[in-house]
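For the sequence shown, the positions run 0 to 251 when numbering that gives the first Met the number 0 is used.
Ideal Cβ positions, reconstructed from N, Cα and C, are used throughout, including at glycine.
A quick note: this is a predicted structure, and the numbers were derived from the prediction, not measured.
Taking it in order: structure first as structure tokens, then the write-up.
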Amino acid sequence: MTFADWARYFRANHAHLADLSWDDPYQLTQREKRAAGRSLQHFQRFETSEGQQLQRRAAALPDPEYAAAIRGLISEEGDHSLALGRFLDQQGLPRLRRSWVNTAFRGLRRWGSLETTVRVLLTAEVVGTVYFRALYHASFSGLLQQLSLRIIRDEQMHVNFQCFTLTQLRPRASRLGWGLRQLLHGGLTAGTALVVWLCFNRTLWAGGMGPVGFFAAVAEEWDRACALLRHPETICINPPRTPQRPVAERAA
Ligand SMILES: [Fe+2]
Ligand SMILES: [Fe+2]
Numbered sequence: 000m001t002f003a004d005w006a007r008y009f010r011a012n013h014a015h016l017a018d019l020s021w022d023d024p025y026q027l028t029q030r031e032k033r034a035a036g037r038s039l040q041h042f043q044r045f046e047t048s049e050g051q052q053l054q055r056r057a058a059a060l061p062d063p064e065y066a067a068a069i070r071g072l073i074s075e076e077g078d079h080s081l082a083l084g085r086f087l088d089q090q091g092l093p094r095l096r097r098s099w100v101n102t103a104f105r106g107l108r109r110w111g112s113l114e115t116t117v118r119v120l121l122t123a124e125v126v127g128t129v130y131f132r133a134l135y136h137a138s139f140s141g142l143l144q145q146l147s148l149r150i151i152r153d154e155q156m157h158v159n160f161q162c163f164t165l166t167q168l169r170p171r172a173s174r175l176g177w178g179l180r181q182l183l184h185g186g187l188t189a190g191t192a193l194v195v196w197l198c199f200n201r202t203l204w205a206g207g208m209g210p211v212g213f214f215a216a217v218a219e220e221w222d223r224a225c226a227l228l229r230h231p232e233t234i235c236i237n238p239p240r241t242p243q244r245p246v247a248e249r250a251a
């Protein structure tokens, strides 16, 4: 596997959100809006990233295909933002011009090396995957469910991509340094999960995730990422043929 494979993947996956049921007339109920609206607004803003820091740092890996893959990744995140924004528009929910979630993560990405930036992004992919699983169950909107499934699949591939990038950076690190950074990274992921729970637990509850279920799901996704880092040969590129069914079960 090379970064050229990833660049090809992102190119092939481009515009895959265009064929969703955008003509779905379903309007979220007031209850659904209260449950999911605010988190949707923040995640829509969060998906908007110019990726300038990442593109600048990409030079640390002297592989032109890495830069191409990064462009594909940024474009895909932009597609998520556009699609979520279109959904917000359809539902009469205003788009946020600013989100503190976005600001905080942007600050973290600016700090440190390419490895730090990739680790921060990986944290966002891990926690985001679990959030969208809950979102899938949080409303009866067929369009929002389709959107959530596509984004879950994409984010899982982003986890694979970021793990692949880290495995390419690993030979530069000492064993002790790598182990310490893994520990810190686990702490960052746990802290991010806590913040997401505190801020957006309405959506998580509505999606059938209580605190135990949510933190267990994040831990499971984090463990998957760690396993990919330990066994890089298991990192795959092709998305699953059928999107993975979210693990959360809708609350009765
Ligand atoms: Fe995304
Ligand atoms: Fe992502």
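Determine the direct distance from the alpha carbon of residue j to that of residue i, and round the result to whole angstroms.
{"i": "Ala3", "j": "Val119", "result": "23 Å"}
{"i": "Gln26", "j": "Lys32", "result": "9 Å"}
{"i": "Gln155", "j": "Trp177", "result": "23 Å"}
{"i": "Ala67", "j": "Gln51", "result": "14 Å"}
{"i": "Arg229", "j": "Thr166", "result": "9 Å"}
{"i": "Arg132", "j": "Val194", "result": "17 Å"}
{"i": "Gly141", "j": "Trp99", "result": "29 Å"}
{"i": "Thr102", "j": "Ala11", "result": "31 Å"}
{"i": "Pro231", "j": "Asn237", "result": "15 Å"}
{"i": "Pro24", "j": "Gln89", "result": "9 Å"}
{"i": "Ser173", "j": "Met0", "result": "24 Å"}
{"i": "Ile69", "j": "Gly106", "result": "19 Å"}
{"i": "Phe213", "j": "Pro63", "result": "38 Å"}
{"i": "Glu76", "j": "Leu146", "result": "13 Å"}
{"i": "Ala58", "j": "Arg223", "result": "28 Å"}
{"i": "Tyr135", "j": "Leu113", "result": "32 Å"}
{"i": "Val158", "j": "Gln29", "result": "34 Å"}
{"i": "Pro93", "j": "Leu87", "result": "7 Å"}
{"i": "Gly190", "j": "Arg180", "result": "15 Å"}
{"i": "Leu175", "j": "Arg169", "result": "12 Å"}
{"i": "Phe160", "j": "Gly91", "result": "35 Å"}
{"i": "Ala192", "j": "Phe163", "result": "23 Å"}
{"i": "Gly185", "j": "Leu19", "result": "35 Å"}
Rounded to the nearest angstrom, how far is the Cβ of residue i from that of residue j, given a contact under 8 Å?
{"i": "Arg152", "j": "Leu16", "result": "At roughly 11 Å, the Cβ-Cβ gap does not stay under 8 Å, so Arg152 and Leu16 are not in contact."}
{"i": "Leu182", "j": "Thr122", "result": "Not quite, the Cβ-Cβ distance comes to about 14 Å (not below 8 Å), so this is no contact."}
{"i": "Thr128", "j": "Glu46", "result": "Contact flag wrong, Cβ pair sits at about 13 Å."}
{"i": "Phe9", "j": "Gly71", "result": "2 Å"}
State yes or no: is the C-beta of residue i within less than 8 Å of the C-beta of residue j?
{"i": "Val217", "j": "Val125", "result": "yes"}
{"i": "Ala137", "j": "Ala82", "result": "no"}
{"i": "Ser74", "j": "His13", "result": "yes"}
{"i": "Thr116", "j": "Leu53", "result": "yes"}
{"i": "Thr202", "j": "Ala34", "result": "yes"}
{"i": "Gln144", "j": "Gly84", "result": "no"}
So does residue i have its beta carbon nearer than 7 Å to some heavy atom of ligand 3?
{"i": "Asp153", "result": "As far as ligands go, the structure on display features ligand 1 and ligand 2 and does not contain ligand 3."}
In chain order, each alpha helix (DSSP H) run of at least 4 residues that lies wholly inside the region 63 to 106: The qualifying runs are 63 to 89.
Within the region 130 to 170, ranges of the alpha helix (DSSP H) (whole runs, at least 4 residues): As far as the region 130 to 170 is concerned, its whole alpha helix (DSSP H) runs of at least 4 residues are 141 to 168.
Contact between the region 35 to 50 and the region 198 to 206 (3+ Cβ pairs under 8 Å): yes
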